[in-house]
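Colleague: Have a look at this one.
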Amino acid sequence: MLDRTEEILADLIAHPTVSSDPNAGLIDAMATRLEDAGARVEVFRDETGDKANLWASIGPDMGGGVMLSGHSDVVPVADQDWSTDPWQMTERGDLLMGRGTCDMKGFIAASIAMASAYGTTNLRRPVHFCFTHDEEVGCLGAQNLVQHLKGRDHLPAIAVVGEPTEMRIIEGHKGCCEYTARFQGLEGHGSNPDRGVNAVAYAVRYVSRLMELAEELKLRAPRDSRFDPPWTTVNIGKLAGGVAHNVIPGRAEVEWEMRPVQYGDAEFVKEQLTQLIETELLPAMRAVTPWADISVETIGEVVGLEPMDDNMARSLVAQLTGGNSADVVPFGTEAGLFQELGMSVVVCGPGSIAQAHKPDEYVSRQQLTECLTMLEGLRRTLAA
1 MLDRTEEILA
11 DLIAHPTVSS
21 DPNAGLIDAM
31 ATRLEDAGAR
41 VEVFRDETGD
51 KANLWASIGP
61 DMGGGVMLSG
71 HSDVVPVADQ
81 DWSTDPWQMT
91 ERGDLLMGRG
101 TCDMKGFIAA
111 SIAMASAYGT
121 TNLRRPVHFC
131 FTHDEEVGCL
141 GAQNLVQHLK
151 GRDHLPAIAV
161 VGEPTEMRII
171 EGHKGCCEYT
181 ARFQGLEGHG
191 SNPDRGVNAV
201 AYAVRYVSRL
211 MELAEELKLR
221 APRDSRFDPP
231 WTTVNIGKLA
241 GGVAHNVIPG
251 RAEVEWEMRP
261 VQYGDAEFVK
271 EQLTQLIETE
281 LLPAMRAVTP
291 WADISVETIG
301 EVVGLEPMDD
311 NMARSLVAQL
321 TGGNSADVVP
331 FGTEAGLFQE
341 LGMSVVVCGP
351 GSIAQAHKPD
361 EYVSRQQLTE
371 CLTMLEGLRR
381 TLAA
């Protein structure tokens, strides 16, 4: 089965599915493989037809069972110093190198390789395959797929999201919320700043409040938080605006994110910023010109995966892998979206997050073997 997995992985790597590019060709190829294995396959395309999600099932058409989930997109390789062709899988000892090998086409390849075995087994409960687009830029594909799945009678009971965890069981992670705030002021000569509306100056006031909120969030950290750091974090990723020393800048832009440990923190931050804009910033700007404006675009709001005392997914994967502990991690995944659908969810997959997004990304054959062992154990469990 490992040889079959490597063959599929090489094919997946050869599809350069950077988030900014189409993934439909890769989804169609995976759909064909799963149909050949006997799966019932659905492909959901976006309005352009270039982006697609895949949903497939093997076994009885009933509720319950287990979903194997992965994202098909990868991060760019531009300006990275690769020693190999990132779009051609290269063997280096026990390591298989190429963009996406661990994040997360290795897990997808292992799942597809096992599909034929699932298809020839008399499963008493179904196994589902869920492969999405644009996870790396806000979990856009999974958010779209969730809308298709809502209201269905037959949903999985358990989801295993195969992000690279070195096959450790992850039962929780923070959310990720990304925003862009745009400031429209009034340009003018720098010698008379009161006759203009300095968009950069107002953006700085916005950023200053964000940094105050970052400190306030530390005091809101749950006492039993297992995250590092244990509080909701705020990061200012970009502040841009202005054209020259002597020109009042008419436009400015702030890109920022927060990673909530609890839902209420995100609402707290947004409410505080809305109050700042509506009661302080905009009135002052519009006192000079009525056309001044501030808009905040939501790039993505992805919920975290909340650790649960009663977690069927954790119990199942522990049984399949022999793992006797479960951790939390700071990076985000699609897992929280599936938890909101009522599934019991864990994150567990081959490879290390330390290799993800880097040049010469790799996954080891040992990790793929451990993943295949888990998936074979799942086959026996679903047939029991």
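Counted from 1, the sequence shown has number 298 at position 298 by full-length UniProt numbering; the numbering is strictly sequential. Ideal Cβ positions, reconstructed from N, Cα and C, are used throughout, including at glycine. Predicted model only: the values in this text are computed from it and were never measured.
1. State buried or exposed for Thr333, treating a residue as buried only when at least 16 other CB atoms are found within 10 Å of its CB.
2. Quick one, are the C-beta atoms of Pro307 and Ala326 less than 9 Å apart?
3. Taking Cβ positions, are Gln339 and Leu382 nearer each other than 9 Å?
4. Can you tell me the Cα-Cα spacing of Val234 and Arg33, whole angstroms?
5. Checking contacts by CB at 9 Å: is Arg314 closer than that to chain C?
6. Grab the span of the alpha helix (DSSP H) containing Ser315 for me, first residue to last.
7. The alpha helix (DSSP H) with Val204 in it runs from where to where?
8. For Val234, name the three-state secondary structure that DSSP assigns.
9. Considering only their Cβ atoms, is the gap separating Ala252 from Ala203 smaller than 9 Å?
10. How would you call Met30, buried or exposed, if buried means at least 16 neighbouring beta carbons within 10 angstroms?
11. Buried or exposed: which applies to Gln355, given that a residue is buried once 16 or more other Cβ atoms fall within 10 Å of its Cβ?
12. In angstroms, rounded to a whole number, what distance separates the CA positions of Gly329 and Glu135?
13. If you measure between the beta carbons of Met343 and Pro126, is that distance less than 9 Å?
14. From the DSSP output, in three-state form, read off Thr373 for me.
15. Count the C-beta pairs between the stretch 171-186 and the stretch 360-370 that are closer than 8 Å, then say yes if the count reaches three, no if not.
16. If Leu9 sits next to Leu26, beta carbons under 8 Å apart, how far is it from one beta carbon to the other, in whole angstroms?
17. Taking Gly65 and Phe107 to be in contact with their CB atoms under 8 Å, please state how far apart those CB atoms are, rounded to whole angstroms.
18. Here's the rule I'm using: 16 or more other beta-carbon atoms within 10 Å means buried, otherwise exposed. How should Trp291 be labelled?
19. Between Asp79, Ala313 and Leu54, which has its C-alpha nearest Asp360's C-alpha?
20. In whole angstroms, give me the CA-to-CA distance for Leu96 and Arg45.
21. Residues in its own chain within less than 7 Å of Thr17 by CB, not counting five upstream and five downstream?
22. Can you tell me whether Val269 is helix, strand or coil according to DSSP?
23. So what's Asp50 in DSSP terms, helix, strand or just coil?
24. I'd like the list of long-range same chain contacts for Met312, defined as Cβ closer than 7 Å, with 5 residues on each side in sequence excluded.
25. Measure the alpha-carbon distance for Leu145 versus Cys130 and round it to whole angstroms.
26. Alpha carbon to alpha carbon, how far is Asn53 from Asp28? Give it in angstroms, no decimals.
27. For the alpha helix (DSSP H) holding Phe107, just list the boundary residues, first then last.
28. Quick check on the DSSP output: what are the complete beta strand (DSSP E) runs of length 3 or more inside the stretch 6-83, in order along the chain?
29. Out of curiosity, what's the CA-to-CA distance linking Lys270 and Ile236?
30. Only counting runs of 3 or more residues, tell me where the beta strand (DSSP E) segments fall wholly within the stretch 248-310, in order along the chain.
31. Among Thr165, Val137, Tyr263 and Ala244, which has the Cα closest to the Cα of Trp231?
Modeller: Straight from the coordinates:
1. For the purposes of this step, residue 333 is taken as the residue at position 333 of the sequence shown. So Thr333 ends up on the buried side.
2. Along the sequence shown, read from residue 1 onward, the residue named residue 307 stands at position 307. Along the sequence shown, read from residue 1 onward, the residue named residue 326 stands at position 326. For Pro307 and Ala326, yes; Cβs fall inside 9 Å.
3. Taking the first residue of the sequence shown as position 1, residue 339 is located at position 339. Taking the first residue of the sequence shown as position 1, residue 382 is located at position 382. The answer is no: Cβ separation not under 9 Å.
4. Within the sequence shown, residue 234 is the residue found at index 234, counting from 1. Within the sequence shown, residue 33 is the residue found at index 33, counting from 1. For Val234 and Arg33, the distance between alpha carbons rounds to 42 Å.
5. Absent from the structure: chain C. Only one protein chain is present.
6. In the sequence shown, residue 315 corresponds to position 315, counting from 1. Unbroken alpha helix (DSSP H) run through Ser315: Met312 to Thr321.
7. Walking along the sequence shown from the start, residue 204 turns up at place 204. That run of the alpha helix (DSSP H) goes Ala199 to Leu219.
8. If you number the sequence shown from 1, residue 234 lands on position 234. Strand at Val234.
9. In the sequence shown, the residue the question calls residue 203 occupies position 203. In the sequence shown, the residue the question calls residue 252 occupies position 252. Yes, these two residues count as a Cβ contact at 9 Å.
10. By one-based count along the sequence shown, residue 30 stands at place 30. It is buried - the Cβ of Met30 has at least 16 other Cβ atoms within 10 Å.
11. As a first step, residue 355 must be located in the sequence shown, where it is residue number 355. Classification of Gln355: buried, given that the 10 Å Cβ count is 16 or more.
12. Reading the sequence shown from its first residue, position 329 is the one you call residue 329. Reading the sequence shown from its first residue, position 135 is the one you call residue 135. Correcting the residue type first, residue 329 is Val in the shown sequence and not Gly. Put simply, the backbone Cα of Val329 is about 17 Å away from that of Glu135.
13. Translated into positions along the sequence shown, residue 343 becomes position 343. Translated into positions along the sequence shown, residue 126 becomes position 126. No; because the gap between Cβ atoms is not below 9 Å, this pair is not in contact.
14. As a working note, residue 373 is residue 373 in the sequence shown. Three-state DSSP puts Thr373 in a helix.
15. no
16. As a position in the sequence shown, residue 9 is number 9, starting the count at 1. As a position in the sequence shown, residue 26 is number 26, starting the count at 1. Incorrect: roughly 12 Å between the Cβ atoms, too far for contact.
17. Here residue 65 is taken as the residue at index 65 of the sequence shown, counted from 1. Here residue 107 is taken as the residue at index 107 of the sequence shown, counted from 1. Their Cβ separation, rounded to whole angstroms, is 18 Å, which puts Gly65 and Phe107 out of contact at 8 Å.
18. In the sequence shown, counting from the first residue as 1, residue 291 sits at position 291. So Trp291 ends up on the exposed side.
19. Taking the sequence shown and counting its residues from 1, one reaches residue 360 at position 360. Per the Cα distances, Asp79.
20. As a working mapping, residue 96 is identified with position 96 in the sequence shown. As a working mapping, residue 45 is identified with position 45 in the sequence shown. Using only the alpha carbons, I get a separation of about 31 Å.
21. To locate residue 17, count along the sequence shown from 1; it is residue 17. Closer than 7 Å at Cβ, skipping near neighbours: Asn23, Leu26, Ser72, Asp73 and Val74.
22. Taking the first residue of the sequence shown as 1, we reach residue 269 at position 269. Of the three classes helix, strand and coil, the one that applies to Val269 here is helix, per DSSP.
23. Stepping through the sequence shown from its first residue, residue 50 is reached at position 50. Of the three classes helix, strand and coil, the one that applies to Asp50 here is coil, per DSSP.
24. Here residue 312 is taken as the residue at index 312 of the sequence shown, counted from 1. Same-chain partners within the cutoff: Ala157, Ile158 and Ser344.
25. By one-based count along the sequence shown, residue 145 stands at place 145. By one-based count along the sequence shown, residue 130 stands at place 130. So the two alpha carbons sit approximately 9 Å from each other.
26. Taking the sequence shown and counting its residues from 1, the one referred to as residue 28 is at position 28. Taking the sequence shown and counting its residues from 1, the one referred to as residue 53 is at position 53. One C-alpha to the other measures close to 10 Å.
27. The count along the sequence shown starts at 1 and reaches residue 107 at position 107. Segment Gly106 to Gly119, the alpha helix (DSSP H) holding Phe107.
28. 40-45, 52-58 and 66-71
29. If you number the sequence shown from 1, residue 270 lands on position 270. If you number the sequence shown from 1, residue 236 lands on position 236. One C-alpha to the other measures close to 15 Å.
30. 251-259 and 293-302
31. Within the sequence shown, numbered from 1, the residue matching residue 231 stands at position 231. Trp231 has its Cα closest to that of Tyr263, out of Thr165, Val137, Tyr263 and Ala244.
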